[in-house]
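Contents: one structure, followed by commentary.
Residue numbers (the working numbering): -4 to 87.
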């Protein structure tokens, strides 16, 4: 609900930045063969948004960032991206 009160210009800037960063993330993962080339672009957008939320939580808990929260975020995102890993060479 907090989205409803944001300034339209600020919202557009933030959204544009987030989308550009998610696109860069998708390209990096695809180039390194960590995700399949046919992985939908919105997968990276979802992961980017989730990662942002983990950082919000981690830095709310500690001004230096709570390592436990950051590790849990990494664990969750790693598991998520593994579901989009190329099938060749994947162990059962």
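Virtual Cβ for every residue (Gly too), placed ideally from N, Cα, C.
The structure displayed is predicted, hence computed values, not measured ones.
Straight-line Cα distance separating residue j from residue i
i          : j          : result
residue 82 : residue 59 : 38 Å
residue 12 : residue 68 : 21 Å
residue 10 : residue 24 : 21 Å
Assigned secondary structure, residue i (DSSP; H/G/I helix, E/B strand, else coil)
i          : result
residue 31 : coil
residue 2  : coil
residue 11 : helix
Proximity of residue i and residue j at Cβ, strictly below 8 Å
i          : j          : result
residue 80 : residue 29 : yes
residue 20 : residue 42 : yes
residue 72 : residue 46 : yes
residue 64 : residue 76 : no
Residue from the options with nearest C-alpha to residue i
i          : options    : result
residue 39 : 74, 61, 18 : 18
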